[in-house]
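Shown next, in C-alpha cells, is the structure this report addresses.
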Amino acid sequence: MTEQVSHPAEALILARAPASVIQRAASVRLMVFDVDGILTDGSLWYSEQGEMLKRFNVLDGHGLKMLATSGVKVALITARQGPIVAMRAAELGIGDVTQGARDKGLALTTLASQHEIALEHVGYMGDDIIDMPALQRAGFAVTVPNAPAYVAQGAHWTTQVPGGHGAVRECCDLILAAQGRLGAQFRPDRVIPGGVTQ
Numbered sequence: 001m002t003e004q005v006s007h008p009a010e011a012l013i014l015a016r017a018p019a020s021v022i023q024r025a026a027s028v029r030l031m032v033f034d035v036d037g038i039l040t041d042g043s044l045w046y047s048e049q050g051e052m053l054k055r056f057n058v059l060d061g062h063g064l065k066m067l068a069t070s071g072v073k074v075a076l077i078t079a080r081q082g083p084i085v086a087m088r089a090a091e092l093g094i095g096d097v098t099q100g101a102r103d104k105g106l107a108l109t110t111l112a113s114q115h116e117i118a119l120e121h122v123g124y125m126g127d128d129i130i131d132m133p134a135l136q137r138a139g140f141a142v143t144v145p146n147a148p149a150y151v152a153q154g155a156h157w158t159t160q161v162p163g164g165h166g167a168v169r170e171c172c173d174l175i176l177a178a179q180g181r182l183g184a185q186f187r188p189d190r191v192i193p194g195g196v197t198q
C-alpha cells in the first residue's frame with residue numbers, strides 16, 4: 001500500500017467538492033472509465049484509408065497510472081471496438097478492458113464481481129445514455145460538463161473540464177486526495193511505471 005503523505009494539494013482539491021462526494025471518492029477501490037467522450041473529446045478521426053484515430057490526453061494517462069500505483073484498480077469499458085483502445089490501455093498498464101459493451105451496467109457488475117468488490121466501492125465515469133446503467137449502479141458516478149443534462153443529473157459529481165481535456169485526471173486527483181494518497185505522488189523519488197518520474 002502506498003504511504004499516505006499529507007500535501008497542501010489535497011486540501012486544495014477537496015475544497016472544491018462537497019463532503020458527500022469526498023466520502024464516495026474515498027471508498028473507491030475500483031474505478032472504471034468510458035473511453036469516447038471521457039478519455040477522448042468524443043471526436044473520431046478517419047483517414048482516406050478509413051483508419052480511425054483518437055486523441056488522448058497525457059495528463060489523464062498519468063492520473064490513471066497514479067491511481068493504479070496507489071492501490072485503486074483501473075478498468076475501461078467502451079461500446080466501440082478497435083485496436084487503438086487496446087494499445088492505449090496496454091501503454092498505461094490497464095489489463096481490464098471491455099470493448100463492444102452494449103450493456104455497460106452488466107459490464108460494470110461483472111468487473112466488480114471478478115474483483116470481488118461491492119458496487120458501493122466501484123466508481124464509474126461516463127458521458128452518454130449508454131453509460132447511465134453503469135452510473136446508476138456505481139457507488140461513485142462521475143460525468144463531464146459537456147455530457148447531456150439528463151446524464152449529469154444521474155451522477156454524483158461533474159468535473160470542471162470536459163472529456164479529453166483533463167477530466168479523467170481531475171477525477172483521479174479527487175479520488176487520491178479523498179483517500180489521502182495524493183501527497184505520496186509529490187515525493188522526489190516517486191517513479192511511475194512507464195518511465196514517468198514524479
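Be aware that the sequence shown starts at 1, since it is given in full-length UniProt numbering, and climbs by one per residue. For glycine and all other residues, C-beta sits at the position ideal for the given N, C-alpha and C.
Comparing alpha-carbon positions, the option among 43, 130, 57 lying closest to residue 88 turns out to be 57. Within its own chain, the residues whose Cβ lies closer than 8 angstroms to the Cβ of residue 101, once the five positions on either side in sequence are excluded, are 77, 78, 79, 107, listed in chain order.
By the neighbour-count criterion, in which 16 or more other beta carbons inside 10 Å mark a residue as buried, residue 70 falls on the buried side. Less than 9 angstroms divides the Cβ of residue 156 from the Cβ of residue 141. Following the DSSP letters along the chain, one finds residue 173 inside the alpha helix (DSSP H) bounded by residues 167-178. Following the DSSP letters along the chain, one finds residue 78 in no beta strand (DSSP E), marked with neither H nor E. When the alpha-carbon of residue 25 is set against those of 179, 186, 154, the nearest one is in 179. Remark: C-beta atoms of residue 117 and residue 73 approach each other more closely than 9 angstroms.
An exposed status is given to residue 91, since fewer than 16 other beta-carbon atoms sit within 10 Å of its beta-carbon. Rounded to whole angstroms, the separation of the alpha carbons of residue 182 and residue 129 is 32 angstroms. Within the region 25-81, the beta strand (DSSP E) runs of at least 3 residues that lie entirely inside it are, in chain order, 30-33, 73-77.
With fewer than 16 neighbouring CB atoms inside 10 Å of its own CB, residue 48 falls in the exposed class. Bridge pairing for residue 141: 124 [DSSP]. The secondary-structure analysis by DSSP pairs residue 131 with nothing; it has no beta-bridge partner. Comparing C-alpha distances from residue 162 to each of 35, 82, 52, 81 shows the shortest one belongs to 35. The secondary-structure analysis by DSSP pairs residue 97 across a beta bridge with 76. According to DSSP, residue 110 shares a beta bridge with no other residue.
When the beta-carbon positions are compared, residue 186 and residue 9 come within less than 9 angstroms of each other.
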